[in-house]
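What follows is a single structure, written as structure tokens, with notes after it.
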Amino acid sequence: MNYENIEFQFAEGIARITLNRPDKLNSFTAAMHGELAQALDTIESGGARVLVITGNGRGFCAGQDLSERRMSADSAPVDLGETVGKFYAPLVRRLRALPLPVVVGVNGVAAGAGANLALAGDIVIAKQSASFIQPFCRLGLLPDTGGTYALPRLVGQARAMGLSLLGDKLGADQAAQWGLIWESVPDDRFDARLEELARHFASAPTKGLAYTKRALNQSLDNTLDQQLDLERDLMRELGASEDYAEGVAAFLAKRAPAFKGK
1 MNYENIEFQF
11 AEGIARITLN
21 RPDKLNSFTA
31 AMHGELAQAL
41 DTIESGGARV
51 LVITGNGRGF
61 CAGQDLSERR
71 MSADSAPVDL
81 GETVGKFYAP
91 LVRRLRALPL
101 PVVVGVNGVA
111 AGAGANLALA
121 GDIVIAKQSA
131 SFIQPFCRLG
141 LLPDTGGTYA
151 LPRLVGQARA
161 MGLSLLGDKL
171 GADQAAQWGL
181 IWESVPDDRF
191 DARLEELARH
201 FASAPTKGLA
211 YTKRALNQSL
221 DNTLDQQLDL
231 ERDLMRELGA
241 SEDYAEGVAA
251 FLAKRAPAFK
261 GK
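Going by UniProt numbering, the letters in the sequence shown line up with residues 1 to 262, in that order.
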């Protein structure tokens, strides 16, 4: 497939998606959603050990391109629920369900759906100059793309309310201090740090990481007893994996493990 709104690369176990509408701060269009879906189809077909998502230009993603939402005085209202159900919700579900780490590199402003796309990742790093904004309140809307789910779980109810009801800009350093993201990185170190994480996960025990991701995500809705049972069942499966056997053998032989992700 020819990609125009994103760049997609897949080599050495690393899948890379780069949002590529820099003149529009990589804001979402239907065409971009279609290309993202195609890229995820390829990733889900197997072989990837990690997915890295970032953006081109000075922004990560400014959310929905509102030029697709222009209405004339006599036009029917836009069905935003259809847009969320068709594009944004499936995107978040697919990212969270991927059986591999999703690393998001926020290279600039992440606003609206763009901010919440970033929060759908597993490891989120950002340039120190980057910022996160929930501007939905200025349009009479609410944080979609999983925003109302992720925000209170990451930063707590009070901060989630403040970010959502005020729409204030949150800098990367404060985002890291609050636990919204994993790490704020000096701008001149950002590319190297993103590559370091990609290479790390490309050689990691992918199946174990995938099960860890699954268990942590399910813990948000499980009771303690349910979670203990899930840990038992997943550990049983991982105990029969090639990577576990390799990890034990490498530990006993005092050498570096060579994980295959299986």
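Glycine included, C-beta positions come from ideal geometry on N, C-alpha and C.
Through-space distance from residue j to residue i, alpha-carbon basis
{"i": "Leu91", "j": "Ile43", "result": "13 Å"}
{"i": "Phe251", "j": "Lys260", "result": "16 Å"}
{"i": "Phe8", "j": "Ile14", "result": "11 Å"}
{"i": "Leu142", "j": "Asp65", "result": "16 Å"}
{"i": "Ala253", "j": "Gly247", "result": "10 Å"}
{"i": "Ala30", "j": "Arg21", "result": "13 Å"}
{"i": "Asp225", "j": "Ser219", "result": "10 Å"}
{"i": "Leu100", "j": "Arg138", "result": "36 Å"}
{"i": "Lys207", "j": "Asp243", "result": "8 Å"}
{"i": "Arg49", "j": "Ala39", "result": "15 Å"}
{"i": "Ala202", "j": "Glu195", "result": "10 Å"}
{"i": "Asn56", "j": "Ala204", "result": "27 Å"}
{"i": "Gly81", "j": "Arg189", "result": "39 Å"}
{"i": "Gly121", "j": "Ala249", "result": "32 Å"}
{"i": "Gly171", "j": "His200", "result": "27 Å"}
{"i": "Gly179", "j": "Leu151", "result": "10 Å"}
{"i": "Lys213", "j": "Lys24", "result": "33 Å"}
{"i": "Ala37", "j": "Asp79", "result": "21 Å"}
{"i": "Ser45", "j": "Arg236", "result": "25 Å"}
Per-residue burial, residue i [other beta carbons within 10 Å of its own, 16 or more giving buried]
{"i": "Leu98", "result": "buried"}
{"i": "residue 264", "result": "Absent from the structure is residue 264, since the part of the chain shown begins at 1 and ends at 262."}
{"i": "Ser72", "result": "Legend: pLDDT at Ser72 = 48, less than 50; position of this residue unreliable, value from coordinates given subsequently. Per the 10 Å Cβ criterion, exposed."}
{"i": "Leu165", "result": "exposed"}
{"i": "Asn5", "result": "buried"}
{"i": "Glu35", "result": "buried"}
{"i": "Asn26", "result": "buried"}
{"i": "Val102", "result": "buried"}
{"i": "Ala228", "result": "It is worth fixing the name first, because residue 228 is Leu in this sequence and not Ala. Classification of Leu228: exposed, given that the 10 Å Cβ count is below 16."}
{"i": "Val155", "result": "buried"}
{"i": "Met32", "result": "buried"}
{"i": "Ala130", "result": "buried"}
{"i": "Ala76", "result": "exposed"}
{"i": "Ala256", "result": "exposed"}
{"i": "Ala175", "result": "buried"}
Close Cβ partners of residue i (< 8 Å) along its chain, the five nearest in sequence each way excluded
{"i": "Glu231", "result": "Ala215"}
{"i": "Glu68", "result": "Thr29, Ala30"}
{"i": "Gly47", "result": "Phe10, Gly13"}
{"i": "Asp168", "result": "Ile133, Gly162"}
{"i": "residue 266", "result": "Only positions 1 to 262 of the chain appear in the structure, and residue 266 is not among them; the question remains open."}
Element boundaries [alpha helix (DSSP H), containing residue i]
{"i": "Ala158", "result": "157-166"}
{"i": "Ile43", "result": "30-44"}
{"i": "Arg93", "result": "89-97"}
{"i": "Glu196", "result": "190-202"}
{"i": "Gly247", "result": "242-253"}
{"i": "Ser219", "result": "206-219"}
{"i": "Glu82", "result": "80-83"}
{"i": "Glu183", "result": "That residue, Glu183, is in no alpha helix (DSSP H); its beta strand (DSSP E) goes 183-185."}
Integer-rounded CB distance, given that residue j should sit under 8 Å from residue i
{"i": "Thr145", "j": "Asn107", "result": "No, Thr145 and Asn107 are not in contact; Cβ-Cβ is about 18 Å, not under 8 Å."}
{"i": "Gly127", "j": "Val84", "result": "Looking at the sequence provided, one finds Lys at residue 127 rather than Gly. Incorrect: roughly 28 Å between the Cβ atoms, too far for contact."}
{"i": "Phe132", "j": "Ala160", "result": "Their Cβ separation, rounded to whole angstroms, is 12 Å, which puts Phe132 and Ala160 out of contact at 8 Å."}
{"i": "Gly147", "j": "Gln157", "result": "Actually they are not in contact, since the Cβ atoms of Gly147 and Gln157 sit about 14 Å apart, beyond 8 Å."}
{"i": "Asn222", "j": "Arg96", "result": "Not confirmed; about 15 Å, so no contact."}
{"i": "Ala113", "j": "Gly59", "result": "Going by Cβ atoms, the distance from Ala113 to Gly59 rounds to 13 Å, so no, they are not a contact pair."}
{"i": "Tyr211", "j": "Leu197", "result": "20 Å between Cβ atoms; not a contact."}
Extent of the continuous beta strand (DSSP E) to which residue i belongs
{"i": "Ala62", "result": "Note, Ala62: premise wrong, no beta strand (DSSP E); not H, not E."}
{"i": "Phe136", "result": "Where Phe136 is concerned, there is no enclosing beta strand (DSSP E), given that its DSSP letter is neither H nor E."}
{"i": "Gly55", "result": "50-55"}
{"i": "Gln9", "result": "6-11"}
{"i": "Arg16", "result": "14-19"}
{"i": "Ala175", "result": "No beta strand (DSSP E) holds Ala175; the alpha helix (DSSP H) holding it covers 172-178."}
{"i": "Gly105", "result": "102-106"}
Sequence-distant residues of the same chain with beta carbon closer than 6 Å to residue i, five excluded per side
{"i": "Val124", "result": "Val104, Ala118, Ile181, Trp182"}
{"i": "Arg16", "result": "Gln9, Val52"}
{"i": "Leu209", "result": "Pro101"}
Close-in-space but distant-in-sequence residues of the same chain around residue i (CB under 7 Å, 5 per side omitted)
{"i": "Lys262", "result": "Lys207, Ser241, Glu242, Asp243"}
{"i": "Thr18", "result": "Ile6, Glu7, Thr54, Gly55, Asn56"}
{"i": "Arg94", "result": "Leu40"}
{"i": "Arg193", "result": "Ile125, Val185"}
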